[in-house]
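For the sequence shown, my numbering assigns the number 10 to the initial residue and increments by one for each residue that follows.
Heads up, the thing below is written out as structure tokens.
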Amino acid sequence: MRHSLPTRLRRAFTLVELLVVIAIIGTLVGLLLPAVQAAREAARRSQCFNNMKQIGLGVHNYESSYKKLPNPGQCDSTGSATTVYMIHSTPTQILPFIEQTSVYNLLDHSTDPIVAYGLTANAASGHYAASSGALVHTKAKGR
10 MRHSLPTRLR RAFTLVELLV VIAIIGTLVG LLLPAVQAAR EAARRSQCFN NMKQIGLGVH
70 NYESSYKKLP NPGQCDSTGS ATTVYMIHST PTQILPFIEQ TSVYNLLDHS TDPIVAYGLT
130 ANAASGHYAA SSGALVHTKA KGR
């Protein structure tokens with residue numbers, strides 16, 4: 010008569026099995042991360058390409074409407090671009106042509122671009138200053 014020992018029910022992983030599973034998961038993650046990063050980079054590249062295309066189409070549509078290219082911005086009498094005058098630059102002029110009319114309408118398109126930024130001006134001294142103190146611009150001589 011043969012007596013069999015009671016078989017023990019196995020309810021947990023052994024340490025070796027656990028380490029093998031962790032190694033497999035680590036390998037899969039190591040293989041998938043570069044693929045995910047490549048997909049993200051391709052999406053960013055595609056978005057940048059689309060943005061550049063929209064800017065090009067905006068400039069083309071501006072030219073079709075006004076028969077001239079957008080003004081590259083205004084400069085002071087020394088020829089250097091100033092932050093005060095950049096409200097009339099190409100990016101702001103093409104906003105309505107790249108489906109950003111709401112942003113364009115937020116800008117004050119008065120004849121004096123300084124008013125659009127809420128700046129104070131002293132014509133006698135030629136100084137401009139923002140009420141927040143963030144921007145101070147001295148007007149160039151001869152302007």
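Glycine included, C-beta positions come from ideal geometry on N, C-alpha and C.
Owing to the predicted nature of the structure, the values given are computational and were not obtained by experimental measurement.
**Message:** So for residue 23, helix, strand or coil by DSSP?
**Reply:** coil
**Item:** Helix, strand or coil at residue 63 according to DSSP, with G and I counted as helix
**Value:** helix
**Item:** Cβ neighbour criterion (16 or more within 10 Å) applied to residue 67
**Value:** buried
**Asked** To the nearest angstrom, how far is it from the Cα of residue 20 to the Cα of residue 27?
**Response** 13 Å
**Request:** Would you tell me roughly how many angstroms separate the C-alpha atoms of residue 55 and residue 29, rounded to the nearest one?
**Result:** 39 Å
**Prompt:** Looking at C-alpha atoms only, which residue of 40, 52 and 99 is the closest neighbour of residue 69?
**Reply:** 99
**Request:** Please classify residue 109: does DSSP put it in a helix, a strand, or coil?
**Result:** coil
**Request:** Using three-state DSSP, classify residue 70 as helix, strand or coil.
**Result:** helix
**Request:** List the endpoints of the continuous alpha helix (DSSP H) containing residue 100.
**Result:** 99-102
**Request:** Go ahead and pull the three-state DSSP assignment for residue 114.
**Result:** helix
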